[in-house]
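In UniProt numbering, the protein residues as written are 1 to 165.
Using N, Cα and C, we set each Cβ at its ideal position, and we do this for glycine too.
As the structure is a prediction and not an experimental result, all values here were calculated from the model.
Take a look at the structure below.
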């Protein structure tokens, strides 16, 4: 690998293919190697088309861009797999329904005011953030926070009474 850029991309491709293959080994990529090879070649193309001698040697620049393209692809794959997990159809989905959540919470409703019940339902059952609860009911976020504070105080007092009994 030389410090000067080859005359054509075809020469660069031939000369730096071992770098791309070595990077796959170095990053411990065992699946979809052809796709990562392509990402490496994209990095090599970017290096070839944007290289200037002021940036240092071409081989170091190509190494950085090839590695960067492969790492970016790895990150995208990880993010995608985290966001799109498949569930086994044979195992029941354990997420309780909104109705079940509401029934469990209704046991505490006699302790709370109407506004505190509103906060508890919107927060626990519908998973709404404070600003969305405030917008839904046409009040300020600070008002919803006061509902939350009051409700939590009452619920904590009730649970501590249960522990004493």
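Excluding the 5 residues flanking residue 8 on each side, which residues of the same chain have their C-beta closer than 6 Å to its C-beta?
Same-chain partners within the cutoff: there are none.
Where does residue 31 fall in DSSP's three states?
Residue state, collapsed to three classes: coil.
Just verifying my parser: in three-state terms, what is the DSSP assignment at residue 8?
For residue 8, the secondary structure class from DSSP, reduced to helix, strand or coil, is coil.
For residue 134, does the count of other Cβ atoms within 10 angstroms reach 16, so buried, or fall short, so exposed?
Looking at its Cβ environment, which holds 16 or more other Cβ atoms inside 10 Å, residue 134 is buried.
Between the CA atoms of residue 138 and residue 146 - distance to the nearest angstrom
Those two C-alpha atoms are separated by around 15 Å.
Quick check on residue 80: buried or exposed, where buried means 16 or more other Cβ atoms within 10 Å of its Cβ?
Exposed, since its Cβ has fewer than 16 Cβ neighbours within 10 Å.
Assign residue 12 to buried or exposed, taking buried as 16 or more other Cβ atoms, counted over all protein chains shown, within 10 Å of its Cβ.
Classification for residue 12: buried.
Exposed or buried, which one is residue 223 when buried takes at least 16 other CB atoms within 10 Å?
Shown here, the chain extends from 1 to 165; a query on residue 223 therefore has no answer.
In terms of residues, what are the limits of the alpha helix (DSSP H) holding residue 61?
Unbroken alpha helix (DSSP H) run through residue 61: 58-83.
What first and last residue would you give for the alpha helix (DSSP H) that runs through residue 132?
Segment 130-137, the alpha helix (DSSP H) holding residue 132.
Closest Cα partner of residue 152 within the set 108, 33, 141
Ranking 108, 33, 141 by Cα distance to residue 152 puts 108 first.
Measure the alpha-carbon distance for residue 63 versus residue 15 and round it to whole angstroms.
Taking the straight line from one Cα to the other gives about 13 Å.
Within its chain, find whatever has a CB closer than 8 Å to the CB of residue 45; leave out the 5 residues flanking it on each side and keep chain order.
Cβ neighbours of residue 45 beyond the five flanking positions: 9.
If you measure between the beta carbons of residue 43 and residue 66, is that distance less than 7 Å?
The Cβ atoms of residue 43 and residue 66 lie closer than 7 Å to each other.
Taking just the CA atoms, how far does residue 136 sit from residue 225?
Since the first and last residues shown for the chain are 1 and 165, residue 225 lies out of range.
Specify, as a first and last residue, the run of the alpha helix (DSSP H) that residue 116 falls within.
Its alpha helix (DSSP H) spans residues 114-120.
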